[in-house]
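Let me begin by presenting the structure, written as structure tokens, before commenting on it.
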Amino acid sequence: MKRFAGWTLASPATLLVVVFLVLPVLATIVTTFTTPGGPFATYAAFFGSGFRRAVLFRTIQVSLAVTVIALVIGFLTAYVVSRAPGWLKSILIIAAVFPLLTGVVVRSFAWLIILGKNGILNSTLINLGLIAEPFQMLYTQGAVIVAMVYLFVPLMILTLVGVLESIPDDLIQASSSLGAKPSATFMQVTLPLAVPGLIVGAVLVFTGSFTSYATPQLLGGEQVMMMGTLMYQQAMVTFDWVAASTIAAVMVVITIAIVAAMNAMARRLNPMTA
Amino acid sequence: MMTRNIHPLLIAGTALVFMFLVGPLIIVLGAALSDTTYLTFPPQGLSLRWFENIFAIDAFRRTILTSLQIALLSTTIALIIGIPAAYALNRHRIQLPGWLSTLFILPVLVPELVLGFSLLKNVAVQLNSPIYLSLLFGHALIVLPYVVRVISASLASFDFSIEEAAISLGSPPLKTFFTVLLPNVRSGVIAAFILAFITSINDVSISIFLTGPGLSTLPIQLLAHMEQFFDPTVASVSVLLMILTVAVMAVVERTLGLTFLAK
């Protein structure tokens with residue numbers, strides 16, 4: 125009877141996810157193996173193309189750069205925020221939540237105004253007499269990385285503030301009362317305990333960057349093609365749905381592999397479970 | 022008092038990070054208020070004419086309405102099916118398989134672009150169903166994890182013996198749900214509604230595949246507008262979205278406190 129009640133309540137949500145997510149996504153992946161050329165023909169085509177390999181490589185490179193920068197900035201900021209007095213902490217968290225709740229398009233657009241040829245950065249540099257001609261900053265890998273770091277730093281800060289606050293104060297105090305310098309406490313107590321949180325943050329940022337669309341589209345354009353923009357172009361511009369499905373399958377496999385690998389690593393490195 | 026132990030350089034760095042976070046949004050606000058026909062900052066001559074322009078452009082008026090409609094409907098769907106699911110996961114956990122809670126966070130794990138494309142290819146085109154339906158259910162899917170997670174968090178602190186007391190005193194299940202359970206998780210429901218609504222309003226990755234001539238959402242229309250014109254209209258629409266965000270944050274702050282979001 126109870127089993128029945130549980131399933132009855134959970135079934136509408138289960139049905140929605142199965143019918144509108146699991147089945148359509150599986151169907152997309154299955155079609156990549158049923159092409160006339162044989163089960164792996166589309167993958168051979170994907171990895172055989174120098175251009176598509178370059179897009180995959182660039183996407184990994186950009187996502188890694190964004191993840192590392194966001195980790196460093198986010199961790200140091202979260203450390204200060206988690207130690208700030210109550211009122212200041214609330215203000216800082218509001219300042220981090222606000223950009224997070226502001227959509228991707230608005231936040232990418234902001235960087236379009238800043239980095240554009242007649243943008244704020246160029247005109248400021250010219251007015252200061254530092255450069256004579258405007259720099260080409262848009263449609264470069266750097267522009268995409270900066271805008272994505274901007275996108276993901278708030279997420280990293282919020283994730284890590286939660287993690288750092290859950291570290292018991294007693295441990296920090298024990299460490300310092302036993303004579304450890306603040307830097308030693310940080311390196312030997314705080315940092316190791318934050319590792320699982322750092323891994324969660326890294327996964328969120330890497331997979332978010334790896335599968336992003338709006339930011340590389342607006343700030344990178346054709347010049348900085350990434351997996352998401354390539355997939356959209358194949359699906360909606362050249363209407364090559366087999367190629368788009370292949371890119372989709374590659375994105376799913378890499379995303380899930382990274383989540384699984386990081387989960388395993390988090391379990392291993394977690395000092396609480398070791 | 023803890024702040025004393027932090028190196029001044031670290032504090033300065035944090036200040037810079039927050040300038041980096043807020044600065045670009047202030048620039049958008051300034052650009053929206055400019056009187057010029059091109060994007061500029063600081064604004065030259067203050068004017069609200071770009072805000073009027075939003076409503077003068079037919080496509081913006083239409084897509085604002087579509088976005089509000091999709092966000093409202095998809096959030097409602099997610100709440101109606103997500104609240105019972107979260108309840109089942111908490112109350113009937115032993116009777117349900119472990120993979121069920123993973124299934125409900127699947128929409129976060131699967132790349133949104135892949136989901137959007139798959140809905141277009143395998144539901145809208147293959148089954149020849151209206152694209153609006155795929156757009157709506159796509160949005161309901163991506164907001165479902167927020168609903169399930171937030172409601173589960175509220176239920177974790179709910180004392181189920183209250184509910185049992187009501188039932189043993191003869192209250193029918195549905196009445197118990199509406200008069201005992203729901204009032205106790207009210208703030209969770211409000212937070213879930215708001216997070217889901219704002220996620221839907223801002224979505225690009227699903228919608229980019231499920232919109233086209235005749236059906237578009239605001240962020241997609243913004244992207245399209247930006248590719249053709251580079252005027253302050255986009256900035257003023259962005260400011261409207263920021264005002265919406267501020268309103269949402271005010272409600273969350275009132276119901277749960279914003280620090281809730283850092284947990």
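As they're listed, the protein sequences go chains A and B. If you use my numbering, the first sequence corresponds to residues 125 to 398, in order. If you use my numbering, the second sequence corresponds to residues 22 to 284, in order. Don't be surprised by glycine CBs; every beta carbon is placed ideally from N, CA and C.
Check, Outcome
"Straight-line gap, Leu225 (chain A) to Thr84 (chain B) (C-alpha atoms, nearest Å)", "20 Å"
"Cβ separation of Ala217 (chain B) and Ala137 (chain A), assumed to be a contact under 8 Å, to the nearest whole Å", "Not really, about 13 Å apart at Cβ, beyond 8 Å."
"Pair within 7 Å by beta-carbon distance, Val285 (chain A) and Ala202 (chain A)", "yes"
"Any C-beta of chain A under 7 Å from that of Met23 (chain B)", "Legend: pLDDT at Met23 (chain B) = 47, less than 50; position of this residue unreliable, value from coordinates given subsequently. Yes, contact with chain A."
"Range covered by the alpha helix (DSSP H) that runs through Ser95 (chain B)", "Asp79 to Arg112"
"Chain B contact residues for Gly352 (chain A), given Cβ-Cβ distances below 7 Å", "Leu134"
"Neighbour list for Leu342 (chain A) in chain B, Cβ cutoff strictly below 8 Å", "Leu244 and Met247"
"When A:Ile215, A:Val204 and A:Ala326 are compared against Ala189 (chain A), the one with the closest alpha-carbon", "A:Ala326"
"Helix, strand or coil at Leu190 (chain B) [DSSP, three-state]", "coil"
"Within chain A, the residues that Gly34 (chain B) reaches when beta carbons sit closer than 9 Å", "Ile197, Leu200, Thr201 and Val204"
"Pair within 7 Å by beta-carbon distance, Asn205 (chain B) and Phe179 (chain B)", "yes"
"Residues near Val269 (chain B) by beta carbon distance below 7 Å, same chain, minus five either side", "Ile215 and Ile219"
"Contacts that Tyr263 (chain A) makes with chain B (C-beta to C-beta distance below 8 Å)", "Per Cβ cutoff of 8 Å: no residues; Tyr263 (chain A) is ~13 Å from chain B at best."
"Per-residue DSSP class, three states only, for Ser173 (chain B)", "helix"
"Residues, ordered as in the chain, of the segment 225 to 242 of chain A that lie near chain B by beta-carbon distance below 8 Å", "Leu225, Thr226, Gly227, Val228, Val229, Val230, Arg231, Phe233, Ala234, Trp235, Leu236, Ile237, Ile238, Gly240 and Asn242"
"Contact residues within the segment 139 to 150 of chain A, judged by C-beta distance below 9 Å to chain B", "Leu139, Leu140, Val141, Val142, Val143, Phe144, Leu145, Val146, Leu147, Pro148, Val149 and Leu150"
"7 Å Cβ cutoff met for Phe62 (chain B) and Ile78 (chain B)", "no"
"Cα-Cα separation, Ile184 (chain A) to Ile269 (chain A)", "12 Å"
"Distance between Val260 (chain B) and Ser247 (chain A) (C-alpha atoms, nearest Å)", "23 Å"
"Segment contact flag, the segment 315 to 324 of chain A with the segment 385 to 392 of chain A, C-beta cutoff 8 Å, min 3 pairs", "yes"
"Three-state secondary structure assigned by DSSP to Leu244 (chain B)", "helix"
"DSSP-derived helix/strand/coil call for Ser173 (chain A)", "coil"
"Gly209 (chain B) in three-state terms, based on DSSP", "helix"
"Buried or exposed (CB count within 10 angstroms, at least 16 for buried), Trp211 (chain A)", "exposed"
"As assigned by DSSP and simplified to three states, the class of Gly284 (chain A)", "In the sequence under discussion, the amino acid at residue 284 (chain A) is Leu, which differs from the Gly named in the question. If DSSP states are grouped into helix, strand and coil, Leu284 (chain A) belongs with the helices."
"C-alpha gap between Phe170 (chain A) and Thr97 (chain B), whole angstroms", "41 Å"
"Strand pairing of Leu180 (chain A), partner residues [DSSP]", "Leu180 (chain A) is not bridged to any residue."
"Straight-line gap, Val168 (chain B) to Ala359 (chain A) (C-alpha atoms, nearest Å)", "31 Å"
"Inter-residue CB distance, Thr254 (chain B) and Asn74 (chain B) (contact presumed, cutoff 8 Å)", "5 Å"
"Contact list for Phe222 (chain A) against chain B, beta-carbon separation under 9 Å", "Leu42, Val43, Leu46, Met263, Thr266, Val267 and Met270"
"Per DSSP, the bridge partner or partners of Ser55 (chain B)", "B:Leu67"
"Close-in-space but distant-in-sequence residues of the same chain around Glu184 (chain B) (CB under 7 Å, 5 per side omitted)", "Thr197, Val201 and Leu202"
"7 Å Cβ cutoff met for Leu262 (chain A) and Ile255 (chain A)", "no"
"For Leu203 (chain B), the residue or residues it bridges with in DSSP", "Answer is none; Leu203 (chain B) lacks a bridge partner."
"Residues near Leu110 (chain B) by beta carbon distance below 8 Å, same chain, minus five either side", "Leu117, Leu121, Ser122, Phe125, Val169 and Ser173"
"Member of B:Thr58, B:Leu130, B:Leu100 and B:Gln90 whose CA lies at the smallest distance from the CA of Val329 (chain A)", "B:Leu130"
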